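Novice: Numbering (the working numbering), first residue to last: 5 to 207. Virtual Cβ for every residue (Gly too), placed ideally from N, Cα, C. Quick caveat: nothing in here was measured; it's all calculated off a predicted structure. Got a structure for you, questions after.
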Amino acid sequence: MIDIYHVPISRSMRIIWLCEELDLPYHVHPVDFSAQYRASPEWRRMNPVGKVPVLVDGELKLFESGAMIDYILERYGAGRLMPPPGTDAHALYRQWCWFAEATFARPVGEVVNHRRAFPDGTHHDEVIDEMRGRAQMCCDALDSELEGKTWILGEAFTAADILVGQTLLMATRFTRPNLGAALGGYFERIGQRPAYIKATADI
Ligand SMILES: N[C@@H](CCC(=O)N[C@@H](CS)C(=O)NCC(=O)O)C(=O)O
Numbered sequence: 005m006i007d008i009y010h011v012p013i014s015r016s017m018r019i020i021w022l023c024e025e026l027d028l029p030y031h032v033h034p035v036d037f038s039a040q041y042r043a044s045p046e047w048r049r050m051n052p053v054g055k056v057p058v059l060v061d062g063e064l065k066l067f068e069s070g071a072m073i074d075y076i077l078e079r080y081g082a083g084r085l086m087p088p089p090g091t092d093a094h095a096l097y098r099q100w101c102w103f104a105e106a107t108f109a110r111p112v113g114e115v116v117n118h119r120r121a122f123p124d125g126t127h128h129d130e131v132i133d134e135m136r137g138r139a140q141m142c143c144d145a146l147d148s149e150l151e152g153k154t155w156i157l158g159e160a161f162t163a164a165d166i167l168v169g170q171t172l173l174m175a176t177r178f179t180r181p182n183l184g185a186a187l188g189g190y191f192e193r194i195g196q197r198p199a200y201i202k203a204t205a206d207i
C-alpha cells in the first residue's frame with residue numbers, strides 16, 4: 005500500500021492522480037500545512053525541508069514528487085503512462101516532466117511563498133509581478149506546444165500530463181495566467197479525466 009501525505013491542490017495531488025490513473029491502491033494522510041507543523045521535528049523527519057508531499061511504500065520514503073512519479077511508474081506501471089526508456093519520445097516525456105516542476109512550478113510556488121512570507125499586504129508587488137510573468141511565459145510555451153495536440157506528447161496521455169496539469173491547476177489558482185485557446189482546451193480535457201476528478205475532490 006502506498007501512503008501519500010497530502011494537502012489539497014498541492015503536489016501530493018500528482019501522486020493521488022497517478023495512482024488513480026494506474027488503478028493502484030493508496031492511503032491518503034492529510035498533513036497540517038501550517039508553517040509551525042511543517043517546521044516541527046516530527047514533519048522534518050518526514051521531509052527535511054518541511055514541504056509536501058511525502059510518499060511511504062514499505063521501507064521506502066520519498067520527498068520529491070517527480071521521484072515519486074518515476075518510482076511508481078517503474079515499480080508498478082508495467083510500461084503504462086510513459087514512452088519506452090531510451091527513445092526520443094521518452095526524452096521529450098522527461099523534458100516536459102522537468103519543465104513542469106523545474107521551470108513552470110517554480111515561479112508559481114514563489115508567488116505563494118512570497119505572499120505567505122510577507123502577509124498582511126507587506127509583500128512586494130514587483131516580486132509577484134516578476135514571477136507571474138515567468139509563469140505566463142511557461143503558459144505561452146505550453147499553448148504553442150499544444151497547438152493541434154490532445155496531450156503534451158501528442159495522442160497518448162502520459163505522466164508528463166499529470167505534472168504539467170497539476171502545475172497548471174496551481175497556476176490558475178495562484179497566478180491567474182492567460183491560457184490561450186490550445187492550453188485552455190487542454191486544461192478542460194484534463195478536468196474531464198476521472199482520475200483528475202478524484203484527485204481534486206477535496207478542493
Ligand atoms: N520539488 C518539490 C517541491 C515541493 C513543494 O514546494 N511543495 C509545496 C506544496 S505544493 C510546499 O510544501 N510548499 C511550502 C514551502 O515551500 O514552504 C516536489 O516536487 O515535491
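1. Can you find the residues in the same chain that come closer than 7 Å, C-beta to C-beta, to Arg136, ignoring five residues on each side of it along the sequence?
2. Tell me whether His31 sits in a helix, a strand or coil according to DSSP, three-state version.
3. Is Asn117 near ligand 1, with its Cβ less than 7 Å from a heavy atom?
4. Closer than 6 Å by C-beta to Glu151: which residues in its own chain qualify, once you throw out the five before and the five after it? Chain order, please.
5. Quick check: what's the CA-CA separation for Ile6 versus Val53?
6. What's the call for Gln170, buried or exposed, on a 16-neighbour Cβ count within 10 Å?
7. What span of residues does the alpha helix (DSSP H) with Asp133 cover, start to end?
8. In whole angstroms, what separates the C-alpha of Pro57 from that of Thr107?
9. What three-state label does DSSP hand Leu66 in the structure shown?
10. Take Arg193 and list the residues in its own chain whose beta-carbon comes closer than 6 Å to its own, dropping the five residues that flank it on each side.
11. When you compare the stretch 126–146 with the stretch 65–81, are there three or more beta-carbon pairs, one atom per stretch, that lie closer than 8 Å?
12. Residues in the same chain with beta-carbon distance under 7 Å from Asn51, minus the five sequence neighbours each way, listed in chain order, please.
13. Starting from Ile207 and walking both ways along the beta strand (DSSP E), at which residues does that stretch end?
14. Grab me the residues of Trp102's own chain with a C-beta within less than 8 Å of its C-beta, minus the 5 sequence neighbours each way, in chain order.
15. With 16 other CB atoms within 10 Å as the buried threshold, where does Ala163 fall?
16. What are the complete alpha helix (DSSP H) segments, minimum 4 residues, inside the stretch 67–93?
17. Measuring from the CB of Val56, is there a heavy atom of ligand 1 at a distance below 7 Å?
18. Does the distance from the C-beta atom of Tyr209 to that of Ile13 stay below 8 Å?
19. Have a look at His127, Ala160, Thr176, Asn182 and flag the residue whose alpha-carbon is nearest the alpha-carbon of Ser148.
20. Consider the Cβ of His127: report whether some Cβ of chain B lies at a distance smaller than 8 Å.
Specialist: Let's see:
1. Val115, Thr179
2. strand
3. yes
4. Ala186
5. 22 Å
6. buried
7. 129–149
8. 19 Å
9. strand
10. none
11. no
12. Val58, Phe67
13. From DSSP, Ile207 is part of no beta strand (DSSP E); its letter is neither H nor E.
14. Gly70
15. buried
16. 69–80
17. yes
18. This structure leaves residue 209 out entirely; the chain is present only between 5 and 207.
19. Asn182
20. Among the protein chains of the structure shown there is no chain B, as only one such chain exists.
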